[in-house]
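Engineer: First to last, the sequence lines map onto chains Z and F. Residues 1 to 190 in my numbering are what the first sequence spells out, letter by letter. Residues 1001 to 1190 in my numbering are what the second sequence spells out, letter by letter.
There are 2 protein chains.
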Amino acid sequence: MKALEEKILAEGKVCSGDILLVGGFLNQRIDTDFIFQMGKEIRDLFADARVTKIVTVEASGIAIALAAAYYLKVPMVFAKKSSAKNFFGDVYKASVHSYTHGKDYEIAISSEFLSPEDRILVIDDFLATGEAMEGLAEIVKQSGAELAGLCAAIEKGYQGGGDAFRARGIRVESLAIIDEMNGENIKFRS
Amino acid sequence: MKALEEKILAEGKVCSGDILLVGGFLNQRIDTDFIFQMGKEIRDLFADARVTKIVTVEASGIAIALAAAYYLKVPMVFAKKSSAKNFFGDVYKASVHSYTHGKDYEIAISSEFLSPEDRILVIDDFLATGEAMEGLAEIVKQSGAELAGLCAAIEKGYQGGGDAFRARGIRVESLAIIDEMNGENIKFRS
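#1: Spell out the partners DSSP gives D124 of chain Z in its beta bridges.
#2: At 4 residues or longer, what runs of the alpha helix (DSSP H) sit wholly inside the region 1006–1057 of chain F?
#3: Give the DSSP bridge partners of L1147 of chain F, in chain order.
#4: Could you name the residues of the same chain whose beta carbon sits closer than 6 Å to that of L72 of chain Z, not counting the 5 residues immediately before and after it, in chain order?
#5: Using a C-beta to C-beta distance shorter than 9 Å, which residues of chain Z count as neighbours of V1052 of chain F?
#6: Who are A94 of chain Z's beta bridge partners in DSSP?
#7: Go ahead and pull the three-state DSSP assignment for A1066 of chain F.
#8: I'd like the span of the beta strand (DSSP E) that includes F78 of chain Z, first residue to last.
#9: Go ahead and label P1075 of chain F buried or exposed: buried means 16 or more other beta carbons lie within 10 angstroms of its beta carbon, across all protein chains shown.
#10: Residues of chain Z with CB under 8 Å from P1116 of chain F, in chain order?
#11: Taking the beta carbon of R1168 of chain F as the centre, do at least 16 other beta carbons fall within 10 Å, making it buried, or is it exposed?
#12: What do you get for D1179 of chain F, buried or exposed, if any count of 16 or more other CB atoms within 10 angstroms of its CB means buried?
#13: Would you say the region 161–175 of chain Z touches the region 145–152 of chain Z, given that touching needs at least three Cβ pairs under 8 Å?
#14: Sorted by chain position, which residues of the same chain lie with C-beta nearer than 8 Å to K187 of chain Z's C-beta, five sequence neighbours on each side aside?
#15: Using a C-beta cutoff of 8 Å, does R1166 of chain F count as contacting chain Z?
#16: Taking I204 of chain Z as the query, report the chain F residues whose CB atoms sit under 7 Å from its CB, ordered along the chain.
#17: Does the ligand PLP have a heavy atom nearer than 7 Å to the CB of T129 of chain Z?
#18: For S1110 of chain F, which residues in chain Z fall below 7 Å Cβ to Cβ?
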C-alpha cells in the first residue's frame, strides 16, 4: 500500500536501530481517516477469502482490525493478554513470547466467540518474528475454525516471521513490508 | 439509546451480582455493525461540542472510541496502561484505582499527541465509579486542552461516578444508564 509506505517514511521514527515508532497514526494516536483507508485495502486484499470473522489481540491491533471489520462487514474478536480478566467459562489460549519485553505472556479468547464454521482473518498492527500471529493462529486452530489468512499493517520482512508463514502455505498479506531498516533508511519490498 | 438497552437485556449477562458481561458485542467480541451505530449516536450527542480529538484508554475503550471518531471525523488517542511501553519523550500520566482488580495502575499519553488547542471528548466502554474517566480527565487537564465531555457506552448510574462528574458541571452523556442491577433485573434511567 503505497500510501502507507509514504506515511511510514514521512511520520515514522526509528529508535534504537530496530524500533519503528508509528504511534502518531497507527497506535496511541490513530489517524482515523487513514486507518479506515487501511481497512478498505484489507477488504480489497481479502475480498475473495469468504472471511466470517476477524481476530486480533489487544491493544494495538484493535483499531486496524475494527476498520477492516467495518468494510468486510464481519464481527471482530480480540484476544486478551491475561486469561484471568472477565473470563467465565471455557477459553482458547496460547503462550506468546515477546522479544520487545523479554518475557512470555498468555493470550486468550472465550470459546463462545469462535466456531468451527468460521473462516478467520487474523489482523495485527505489526508482524515481525510472528510470535503473536502464531499464538492467534493456534487459538484459531483450537476452535476448529479455518484460517483464511494473516494480515499486518506493517511487516518487518527482515525478521522473517511473515515469510515463515508463507513457506507453510499460509496466506499472508501485509500492507507494507520493510525489508531493510538502518537508522532512518527504510527499504520496502516491491 | 434504546437499541443498546435492548441489546444489554437480550445479550448481557450479570455475574456475581455486580459484573455485567457484554463481551459478546462491546468488548472481546465486537458486533461491528452495532458499535458503529453507537459511534453515530455519540456523534449526534456531541455534534455541537466542537470536538477536535477523542481520548480513551486501552483496551476495551478503543473500539467504541474509533467508531465515534469515524463519525466525528477526528483523530483518536488511547492512553496506555503502563508508561514504560514504547514511550520516548514526555508523557502526561495519571494514577487510576481499579476496583475490579483491587490495585492502582498508571495510564499515560505521549505529550505530543494532545495540544492546548484541542477540545477533547473522553470515551470509554463503561463508567462506574469514574476512576478511569477521572484519570483521563486529569491527563486532558495536564495537556492544557479543553474537556468537551465524557461519554460511556454503559454507565452504572448506581455507582455514582457519572453523577459526580455532572455535579461538577462536566458534560456526561452515556448511551445507556443502569440505575439498578439485581441479578438479571436491570433498570435503566429514563
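Glycine included, every Cβ here is placed at the ideal spot set by N, Cα and C. Small disclaimer: the values here were computed from a predicted structure and weren't measured.
Structural biologist: Here's the rundown:
#1: In the first sequence, counting from the first residue as 1, residue 124 of chain Z sits at position 124. DSSP, once it has assigned bridges, lists Z:A152 as partnering D124 of chain Z.
#2: Here the runs fully enclosed are 1032–1045.
#3: By 1-based counting over the second sequence, the position of residue 1147 of chain F is 147. BP columns for L1147 of chain F point to F:I1120.
#4: Along the first sequence, one-based indexing puts residue 72 of chain Z at 72. Cβ within range, chain order: R43 and V51.
#5: Taking the first residue of the second sequence as position 1, residue 1052 of chain F is located at position 52. Contrary to the premise, residue 1052 of chain F reads as Thr rather than Val in this sequence. Correct list: empty, because the minimum Cβ distance to chain Z is about 12 Å.
#6: Sequence index remark: in the first sequence, residue 94 of chain Z carries index 94 (1-based). Looking at the DSSP assignment, A94 of chain Z forms a beta bridge with Z:I107.
#7: Against the second sequence, residue 1066 of chain F aligns to sequence position 66. In the sequence on display, residue 1066 of chain F carries Leu and not Ala. The three-state secondary structure of L1066 of chain F, taken from DSSP, is helix.
#8: Counted from its first residue, the first sequence places residue 78 of chain Z at position 78. Run containing F78 of chain Z: M76 to A79, per the beta strand (DSSP E) assignment.
#9: By one-based count along the second sequence, residue 1075 of chain F stands at place 75. Classification for P1075 of chain F: buried.
#10: Against the second sequence, residue 1116 of chain F aligns to sequence position 116. Here the premise fails: no neighbours, minimum Cβ distance about 16 Å.
#11: Start at 1 with the first residue of the second sequence, and residue 1168 of chain F comes out as number 168. So R1168 of chain F counts as exposed.
#12: As a position in the second sequence, residue 1179 of chain F is number 179, starting the count at 1. Here D1179 of chain F is exposed: its Cβ has fewer than 16 other Cβ atoms, across all protein chains shown, within 10 Å.
#13: Three or more beta-carbon pairs drawn from the region 161–175 of chain Z and the region 145–152 of chain Z are found closer than 8 Å, and the two stretches are therefore classed as touching.
#14: If you number the first sequence from 1, residue 187 of chain Z lands on position 187. Around K187 of chain Z: I178, D179, E180 and M181.
#15: On the second sequence, position 166 is the one that residue 1166 of chain F refers to. No, no contact with chain Z.
#16: For chain Z, the structure presents residues 1 to 190; residue 204 of chain Z sits outside this window and is missing.
#17: Of the ligands one can find in the structure shown there are none, so the ligand PLP has no counterpart to examine.
#18: Start at 1 with the first residue of the second sequence, and residue 1110 of chain F comes out as number 110. The answer, in chain order, is G23 and Q28.
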